[in-house]
Structure formats: C-alpha cells, structure tokens
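**Student:** Sharing a structure, written as structure tokens. Questions coming.
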Amino acid sequence: MSVDRRPVAGALMVGFAASFLLCGYEFVRSVSTSLFIGTYGAHNLPFVMTLAPLGTFGMVWGYGVLLSRFGSRQTLFLTSVLSGGGILACYGGILSGFHPAVGVLYVLREAYIVLIIEQYWSFINSVLRDDQGRKYNGPICGIASVGAICGGLIVGQTAKVIGSEHLLIFAGLSLLPAAVLAWWAYGLGGVPVQEPEKRGKLALGLFRDIPTLRYLAGLIFVTQMVSAVLDLRFSGLVETALPIQDERTAYLGYFYALLNGCAFVFQFGVAPLLLHFVSLRTAHLGIPVVHLITCGVLLAYPTLTTGALAYLVFKTLDYSVFRAAKELLYIPLSFDARYRAKEVIDAFGYRASKGMTSGLIALAGTISYRVFNIGRLPGSVYPLVALGALGVWSWIAWAITRSEDDRGRRLRVSEEVADL
C-alpha cells in the first residue's frame, strides 16, 4: 500500500498534525456555539445544525474533485489551508457586524473538522496493518488530544480577557502547522497508491458491493443521532445557567478541556488495552450500554451536571474507544473505500445524521408551538430519542462485528487451504 518503510512514524506524525487541528477546533467550537446562542438563541441551534450537512456535502464533493486531480497528499494540504482561510473570513464578517457570518461559521466548523480528520485516518488506515492499528490508534488519538486540551484551557483562560470573537484568529492560523505536519507525515509513511477512479468521485457504488460500508454508514447515523440530541440538551442547559456570552464561552472552553483530558486518558490507557484483551464485538457492544446508563440518569435528573456528564461520556468514548475500534474495520478495504467512501460515511454521513436529527427536533418544536402552544420541547424528549437510537446502535454493532467475524473465518480457512 505504501512506498515507504516508516508507516508508524508517519502515523504518529499525523497525530501531531491533528493536535494543532484540534487545538484550533476548540477555539471554533466554543466560540461558534457561544456566538450563535448569543445571536440567535439555543432554541434555534437545530435549524443551523440542519444546514450543516449541506456545507459538509459541498466540501466532500470538492474533496473528491481535488483527490482525483491532485492525489491524497496535496488534497489534504489544500483543504487544510482553505479551511483556515474560511475561518478568518468569517471572523472578518463577524467583526463588521454581519450576523449571518455567525451561522456560516457554525456550518463551516461542522464541515471542515470532519473532512480533515477523516483524511488523517484514511492515511493511517492505509499505512498501518491491523495489529499496528490495535496498538497505535489509541495513542495517535491521545497525541491529538493534547492539542484539544490546550485549546480548551486557552479558551477558558482568555475568552473573558480578549473577547470570544478574537479567538478565531488563532483557530484559522492553527491549520497552517497542521497542514505542514501532515505533508511531512506523507513523506515518512509514504503516499498510498491511488487506484484508477472506477466508482466516481465519491465511490458510491462500493456501498452496494461491500456490506461493511453499509453497516458503517448505519452505525455512524445512529451514533450521531445520540450525539445531536445530547448536544442540543447540553446547549439548552448551558444557555439557562450561563446567560452572559464570554462567561459561557469560558465555561465551554473548560468543559471541552476536561472532555479532551478524559479522552486522552482513554486513548493512551484504556483503548489499547481494551482492544488487545477484548474482542472487537465486545468493545462495540459495550459502548452503547454505557450511554444507556448516562442517558437514563439525564432523563431522571435533568440538570446541567447530568447533561454535561452524558455529553462528556459520549464524546470521551467517541474520541477514544469507539474511534479506535471503528477504524480497524477500514484497514482491509481498498483505496477508494478508505479515501472516498470513508469521507461519505464519516464526514457527510456524520453531519447528515446530526442535521436530520436536528431538523426533526426543530420541526417537532415548531409543531408543538403552532398546534399545542408549547414554547419549547420538553427536555425529556432529548434523552428519550437517545435511548431509542441506542437500541438500534446495539443491533448494528452486533451485525457489523458478526460480518467481520465471518470475514475473518473465511480468511483463516483460505490461509489453511493455501498451506495444504
């Protein structure tokens, strides 16, 4: 797959690139959420989250065009630099008093992070073997989390001093070192051999031929349903508890620093050990069980603390054990599956699920107001939706790991036959 013999070094270098990327993302995430709540209110978050898939689809389609023309290394560099420029352009619009720039920033934030982070994982899945992935996927996530932790702490310390908007400068500039380090990573690990384009810019035909891709798409869809409703519930609780913008931004900065600190521990400590001693099926089935507990607590005791806990636990596992276990499913697949279909699933599908869920929440809220004269949806709706999605998540996790077990048995049988 790779023309170089230093795949682990290249994969670790991508971890350092991701550290800069996620450091800047913490600025964008906290600031964009706080600015949007301050400008339009938390009750309008479902509407802007519904628009996010459109922005993501446009960027994924553009990515497919660039990948066909320039290859994976140059495409990653270009998308990184262009994303940084987009953040700085939104900053200029916000400073000039152009309020729609707040919404554009939110949509851009949702799109650029998944587009770039999934390119990192496409590279990692191309240069590492399955056994190397089990060993290094967690630590690679851990290296990336160092930047995310630093970003959250900086936001918490500086938001009330310099103002929320000005933090966007650092977010835009952070993508430059991220682009350079990713370029070096390809130099270390080698540029994966790109197959001739057979299935179009997004390789949609592969979903018909490869069951694993269909299962992965379904898995991402339901996991992000859970993410969306927990995010919305948490944001609503934050708005109620912290009405002042810069205080809210500082709180979110510290919250995400804590979240990434927990993820760091899981990435370096829990994920490698778990994937070494526990089967892939057990890991995938255990994650939704944990979320069933936290969502049940949120349903019974709806406070900012329980809302923050449910969202923190979800994101901690999403960034560590779930990510490391999910990426192992891509390693045996083709270049187009790893670089094209993966972006459709993990970038567009990721945001499409959150957008559709948010859109349905917004529609339900509108109906409740127009028909039943209820100002906002009851808070219990969010954990109830999450609990329903977790049931579907458990079924898909069982199905996809069964598919992988069957594939593994077929490979072992073919190897035994070859030995005969």
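This note's numbering applies: residue 1 is where the sequence shown begins, and numbers increase by one.
Beta carbons are placed, not taken as given, at the ideal position from N, Cα and C, and that holds for glycine.
The structure displayed is predicted, hence computed values, not measured ones.
Less than 9 Å between the C-beta atoms of K326 and A250, yes or no?
**Tutor:** No, the pair does not count as a contact, with Cβ atoms beyond the cut-off.
**Student:** Beta-carbon within less than 8 Å of E118's beta-carbon, same chain only, minus the 5 sequence neighbours each way: which residues are those?
**Tutor:** K342, E343, D346 and A347
**Student:** Helix, strand or coil: how does DSSP classify V381 here?
**Tutor:** V381 falls in the helix class under three-state DSSP.
**Student:** What runs of the beta strand (DSSP E), each 3 residues or longer, lie entirely inside the region 66-120?
**Tutor:** The qualifying runs do not exist here; there are none.
**Student:** Report yes if the C-beta distance between Y319 and C141 is below 9 Å; otherwise report no.
**Tutor:** yes
**Student:** Which class does L242 belong to by DSSP, given the choice of helix, strand or coil?
**Tutor:** Here DSSP, grouped into helix, strand and coil, assigns L242 to coil.
**Student:** Ignore the nearest five residues each way along the sequence and tell me which others in L216's own chain have a CB closer than 6 Å to its CB.
**Tutor:** I345
**Student:** Whose CA, out of Q245, P272 and F335, lies closest to the CA of S68?
**Tutor:** F335
**Student:** Nearest to L285 by CA position, among Y350, L390, G147 and G307, is which residue?
**Tutor:** L390
**Student:** For my contact list, T421 and L66 are in at a C-beta cut-off of 8 Å; report their separation, rounded to the angstrom.
**Tutor:** The shown model of the chain, from 1 to 420, leaves out residue 421, and the question about it has no answer.
**Student:** Rounded to whole angstroms, what's the CA-CA distance from V155 to F27? Just pull it up for me.
**Tutor:** 6 Å
**Student:** The alpha helix (DSSP H) that contains L333, what's its start and end?
**Tutor:** Neither: L333 is in no alpha helix (DSSP H) and is coded neither H nor E.
**Student:** In the structure shown, what three-state DSSP assignment does L45 receive?
**Tutor:** helix
**Student:** Could you name the residues of the same chain whose beta carbon sits closer than 6 Å to that of L420, not counting the 5 residues immediately before and after it, in chain order?
**Tutor:** A caution first: L420 carries a pLDDT of 35, below 50, which makes its placement in the model too unreliable to give a value.
**Student:** Would you kindly work out how many angstroms separate the C-alpha atoms of L105 and C90, rounded to a whole number?
**Tutor:** 6 Å
**Student:** Could you tell me which whole alpha helix (DSSP H) segments of length 4 or greater appear in the region 274-324?
**Tutor:** The alpha helix (DSSP H) runs lying completely inside the region 274-324 and spanning 4 residues or more are 280-300 and 304-317, given in chain order.
**Student:** Per the contact definition of three or more C-beta pairs closer than 8 Å, is the region 119-126 in contact with the region 209-224?
**Tutor:** Touching, no.
**Student:** Return the residue from the list T294, T212 and V385 that minimises the CA-CA distance to E398.
**Tutor:** Note that residue 398 corresponds to Trp in the displayed sequence, not to Glu. Here the closest residue by C-alpha is T212.
**Student:** Using CA atoms only, rank isn't needed, just tell me which of G349, V381, V81 and E239 is closest to F207.
**Tutor:** G349
**Student:** Along the chain, where does the alpha helix (DSSP H) that runs through E165 open and close?
**Tutor:** E165 -> no alpha helix (DSSP H), and no H or E assigned at all.
**Student:** Just verifying my parser: in three-state terms, what is the DSSP assignment at I37?
**Tutor:** Collapsing the DSSP output to three states places I37 in a helix.
**Student:** Is it right to say I244 is buried, meaning 16 or more other beta carbons lie within 10 angstroms of its own, or is it exposed?
**Tutor:** exposed
**Student:** Can you look up V28 in the DSSP assignment and give me helix, strand or coil?
**Tutor:** helix
**Student:** Could you have a look at A399 and say whether DSSP puts it in helix, strand or coil?
**Tutor:** Collapsing the DSSP output to three states places A399 in a helix.
**Student:** Please report the distance separating the alpha-carbon of L259 from that of S235.
**Tutor:** 15 Å
**Student:** May I have the straight-line CA-CA distance separating Y382 from T357, to the nearest angstrom?
**Tutor:** 10 Å
**Student:** Any chance you could list the alpha helix (DSSP H) runs of at least 4 consecutive residues sitting entirely within the region 245-273, in chain order?
**Tutor:** 245-265
**Student:** Excluding sequence positions up to five away, which residues of its chain have a Cβ less than 6 Å from the Cβ of T401?
**Tutor:** If we look at T401 and ignore the five residues flanking it on each side, its Cβ neighbours are L280, R281 and H284.
**Student:** In chain order, what are the residue ranges of uninterrupted beta strand (DSSP E) at least 3 long that sit wholly in the region 333-371?
**Tutor:** DSSP assignment within the region 333-371 yields no whole beta strand (DSSP E) run of 3 residues or more.
**Student:** Here's a check: name, in chain order, each residue in its chain whose Cβ is nearer than 6 Å to the Cβ of C23, leaving out the five neighbours to either side.
**Tutor:** These residues qualify, in order along the chain: G147, C150, G151 and S174.
**Student:** Should L204 go down as buried or exposed, given a rule of 16 or more other Cβ atoms within 10 Å for buried?
**Tutor:** So L204 ends up on the exposed side.
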